[in-house]
Structure formats: C-alpha cells, structure tokens
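With numbering that gives the first Met the number 0 applied, the sequence shown covers 0 to 64. Backbone N, C-alpha and C fix where the C-beta goes; we use that ideal spot for every residue, glycine too. Here's the structure we're looking at; comments come further down.
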Amino acid sequence: MKLVHEGEHYPCNQCKYKATPLLTLKQHIKSIHEGIHYHCDKCDYEAKDISYLRIHVKSIHEGDC
C-alpha cells in the first residue's frame with residue numbers, strides 16, 4: 000500500500016534505476032550488475048529472472064501455456 004499511495008521507490012546504488020517493490024531492485028542488481036542469469040537445462044535459453052525460466056520450461060518443454 001505504501002508503494003502505490005506514497006510513491007516509495009528504491010534506488011539502485013550503481014545506476015539511476017529505481018524500483019518498486021524492493022524485490023524488483025534486488026533482481027535488477029543480480030541480472031544487470033552481477034550478471035546472474037538462469038539457464039535452461041533443456042536448451043540454450045537463458046533468463047534474467049527465475050520466474051521467466053519457469054514460464055519458458057512450462058510453455059516450451061512441458062507444453063503448458
């Protein structure tokens with residue numbers, strides 16, 4: 000509620016990026032500044048976010064959309 004109504008943003012300490020919520024900032028730092036990616040073990044796909052990898056696996060390799 001605080002994020003939406005009071006406009007609270009979390010700034011990245013390494014660039015000008017600002018995020019709401021804090022979890023998004025943590026993911027930004029991991030993928031952009033630390034270079035962390037999640038690799039599919041069934042093909043060459045790689046994602047910056049674990050949730051994108053899960054979606055990829057379900058939709059491409061398990062046939063669930």
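Check                                                                        : Outcome
Best match in E33, Y9, C14 and E61 for proximity to D48 [C-alpha to C-alpha] : E33
For P20, the residue or residues it bridges with in DSSP                     : Its beta-bridge partners do not exist; DSSP assigns none.
Alpha helix (DSSP H) segment containing I31, residue limits                  : From DSSP, I31 is part of no alpha helix (DSSP H); its letter is neither H nor E.
Three-state secondary structure (DSSP) of H55                                : helix
For H60, the three-state DSSP class (helix, strand or coil)                  : helix
Check whether H27 and Y37 have beta carbons under 8 Å apart                  : no
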